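Asker: Handing you a structure now.
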Amino acid sequence: MSPLMKSSSHFIFFIICFSSLSIDPRADNVDPHLINVPLPAFKNSLEKTKELMQNVASTMSHMHAGEDLLDGNSTVLVISYCEDLLDETAEVLDWSLSTIDDLKADVVSHMRTWLNTSQSREMACVDAFQNSIDSNVTESLRQVTKSIDEVLGMIQVEQQHHLHRHNATAAPGPDPDPYDLALSRTADVTVSQDGSGKFKRIMDAIAAAPSHSQKQFVIFVKKGVYKEYVKIDKTKTNLALIGEGMSVTTISGDRSNASGWATMDSATFDVRAEGFLAMNIGFENTAGPSKGQAVALSSRSDRSVFYRCKISGYQDTLLVLSGRQFYRECKISGTVDFIFGYGTAVFQHCRIIARKAIKGQQDTITANGRLSEDSSGFSFQFCRIEADSDLVGNVNSTKTYLGRPWGKYSRTVFIKSFMSNSITPEGWLEWSGKTNLDTLYYAEYKNYGPGASVAGRVKWPGYHLISEVDSFAVDKLIGGKSWLPSTGVPFKADL
């Protein structure tokens, strides 16, 4: 990745103001427990919000058209991120408008959930543009979030009525066997390269899954290497993808910056729908260490779980783009910034594996991009941080760091994890000079192993040796107690 965004004024500015609503308050009233305004007023607000979205999306499109004026690949990445979020929010509005004549509790609740998610994600874009690109665009984005807030104010249904599969609150029992856990789910469809399943391609099975599903739809993928690019759009909620093992069921691709793909578009597997579960499956990008950014897995799936998954690549292997995510007993490998993004993720009992980089490069495990002082960040708990077989015999050939600050408020913590001698004594790496060293938050707590000594660690204002870690636990950081139990995946809620 390139240095963070710098100011530029070569953008188009749109501000769309709402006109007053002149609607008969007696017309088309619906259940007041769902919305607190007449139906035509609600529909009008949705349409006006959609119009605002389209205009701001046009702004983003002009930014891409002037890409040669942008300063650095990370600027392009943030613009792409914000543009995609605007497009997704427009899709939510389209879906909301399509259901306007049949407003039921579950429909309105689903609508509220997605609009809340859209609003929170776009606030990150507001901060990015305010601090780094253009203040006028910031104001336009603020209009977007204000408009969504007005629509949300018309929805009365309580958040706890939201219908999805994450509704259990009981504490988890003993760790289940992953194969028993997989077998306990009845597959809705099976994918197999030998023709024994309903589909031969994973994307065909995903296309067959219901949209906006309130219950889990299970796709079982038999062993094999599936050379396809998988994209799960936000309509395919509560989808489960279960393989026969992280090393025998693999989704493989090789897109990279060097072959002409933007970082976000290089992903072999891209999931955007809420409530996604992956189990016993591998995601890989085989572009190699010299091909630059090459994503294996990109997730912006809120309340998503990856259990016993293998995520392998080199630079930018795993993109935790947005939303709350949980990784358990996964094997994640790479070189430069190989776990990066703006989202909130907890990694428990995972193997984090540094691979040999090309000459002149160093390995950086994380590059968290937190743009404001919100509650996001990465938390690694009970993990193993080690070198791959190509590096283990000569760890001095590639220096390995725990992370570097991609975002101004980058936040990453390592808790009770084993660190091999592949980790350099200083532990953390600067991004570009002394940038962000006082605003970042990096911390370590009771780690062990030859690379865990803190005696030689960096002396930055934002680096901490902490004695309290509750705020980085599953429950506090991603609200896991409210949605992880129903997945059946083992987790430790508290620290």
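Sequence positions in the sequence shown follow mature numbering (1 follows the signal peptide of the UniProt record, and there is no 0) and run -27 to -1, 1 to 468. Here a beta-carbon is modelled for each residue, glycine too, at the ideal position from N, C-alpha and C. Computed from a prediction, not measured in an experiment: that's the story for all the values here.
May I have the straight-line CA-CA distance separating Ile128 from Leu7, to the nearest angstrom?
Answerer: Whole-angstrom Cα-Cα distance: 6 Å.
Asker: Rounded to the nearest angstrom, how far is the Cβ of Val278 from that of Phe299, given a contact under 8 Å?
Answerer: Between Phe299 and Val278 the Cβ distance is about 5 Å, and since that is below 8 Å, they are a contact.
Asker: I'd like to know if the region 429 to 441 and the region 397 to 407 are in contact, where contact means that at least 3 CB-CB pairs between them fall below 8 Å.
Answerer: Yes: at least three Cβ pairs fall under 8 Å.
Asker: Roughly how many angstroms lie between the CA atoms of Leu25 and Thr62, to the nearest whole one?
Answerer: Cα to Cα, the separation comes out at about 11 Å.
Asker: Within 8 Å, do at least three Cβ pairs link the region 177 to 196 to the region 205 to 220?
Answerer: Flag = yes, the region 205 to 220 and the region 177 to 196 touch.
Asker: Please confirm if the region 216 to 227 is in contact with the region 70 to 78, defined as three or more CB-CB distances below 8 Å between the two stretches.
Answerer: Short answer: they don't touch.
Asker: Nearest by alpha-carbon distance to Ile326: which of Thr163, Tyr287, Asn369 and Lys23 is it?
Answerer: For the residues Thr163, Tyr287, Asn369 and Lys23, the minimum Cα distance to Ile326 belongs to Tyr287.
Asker: In terms of residue numbering, what span does the alpha helix (DSSP H) encompassing Ser362 cover?
Answerer: First-last of the alpha helix (DSSP H) with Ser362: Ser362 to Val365.
Asker: Quick one: is Tyr421 buried, meaning 16 or more other Cβ sit within 10 Å of its Cβ, or exposed?
Answerer: Classification for Tyr421: exposed.
Asker: Taking the alpha-carbon of Thr385 as reference, which of Glu399, Ser440 and Tyr315 has the nearest alpha-carbon?
Answerer: For Thr385, the nearest C-alpha among the options comes from Tyr315.
Asker: Can you list, in chain order, the residues of its chain with a C-beta nearer than 7 Å to that of Asp363? Leave out the 5 residues immediately preceding and following it.
Answerer: Around Asp363: Arg328 and Lys329.
Asker: Quick check on Gly216: buried or exposed, where buried means 16 or more other Cβ atoms within 10 Å of its Cβ?
Answerer: The residue in question, Gly216, is buried, as its Cβ has 16 or more Cβ neighbours within 10 Å.
Asker: Which two residues bound the contiguous beta strand (DSSP E) that contains Leu291?
Answerer: First-last of the beta strand (DSSP E) with Leu291: Leu291 to Val293.
Asker: Should Leu438 be labelled buried (16 or more other beta-carbon atoms within 10 Å of its own) or exposed?
Answerer: It is exposed - the Cβ of Leu438 has fewer than 16 other Cβ atoms within 10 Å.
Asker: Can you check which of these residues, Val194, Leu291 and Thr72, is closest to Ala240 by C-alpha distance?
Answerer: Comparing Cα positions, the closest option is Leu291.
Asker: Could you tell me which whole beta strand (DSSP E) segments of length 3 or greater appear in the region 282 to 335?
Answerer: Whole beta strand (DSSP E) segments, 3+ residues: 283 to 285, 291 to 293, 297 to 301, 304 to 307, 312 to 314, 317 to 321 and 324 to 327.
Asker: Got a sec, what are the start and stop residues for the beta strand (DSSP E) Met252 sits in?
Answerer: First-last of the beta strand (DSSP E) with Met252: Leu250 to Met252.
Asker: Inspect the beta-carbon positions of Glu123 and Thr236 and report whether they are closer than 9 Å.
Answerer: No, the pair does not count as a contact, with Cβ atoms beyond the cut-off.
Asker: Grab me the residues of Glu64's own chain with a C-beta within less than 7 Å of its C-beta, minus the 5 sequence neighbours each way, in chain order.
Answerer: For Glu64, where only same-chain residues beyond five positions count, the Cβ hits under 7 Å are Lys207.
Asker: According to DSSP, residue 505 sits in a beta bridge with which residue or residues?
Answerer: Residue numbering for the chain in the displayed model covers -27 to 468; residue 505 lies beyond these limits and cannot be assessed.
Asker: With a cut-off of 8 Å, do at least 3 Cβ pairs link the region 439 to 446 to the region 247 to 265?
Answerer: Judged by Cβ distances under 8 Å, the region 439 to 446 makes no contact with the region 247 to 265, as fewer than three pairs qualify.
Asker: Can you tell me where the beta strand (DSSP E) with Ile205 in it begins and where it stops?
Answerer: Counting along the chain, the beta strand (DSSP E) containing Ile205 begins and ends at Val203 to Ile205.
Asker: At what residue ranges does the region 401 to 450 contain a whole run of the beta strand (DSSP E), taking only runs of 3 or more?
Answerer: 414 to 418 and 436 to 438, all fully within the region 401 to 450.
Asker: For Arg276, which of helix, strand or coil comes out of DSSP?
Answerer: DSSP places Arg276 in coil when its eight states are reduced to three.
Asker: From the DSSP output, in three-state form, read off Asp167 for me.
Answerer: If DSSP states are grouped into helix, strand and coil, Asp167 belongs with coil.
Asker: Cutting at 6 Å between CB atoms, please list the residues of its own chain near Gln266, excluding the five before and the five after it.
Answerer: Excluding positions up to five away in sequence, the list reads Asn230, Thr236, Gln288 and Asp289.
Asker: Among Thr308, Thr317 and Ser272, which one has its Cα closest to the Cα of Leu450?
Answerer: Minimum Cα distance to Leu450 is reached at Thr317.
Asker: What do you get for Pro398, buried or exposed, if any count of 16 or more other CB atoms within 10 angstroms of its CB means buried?
Answerer: Result: exposed.
Asker: For Asp243, which residues in the same chain have their Cβ closer than 6 Å to its Cβ, ignoring the five residues on either side in sequence?
Answerer: Contacts found: Lys204 and Ser271.
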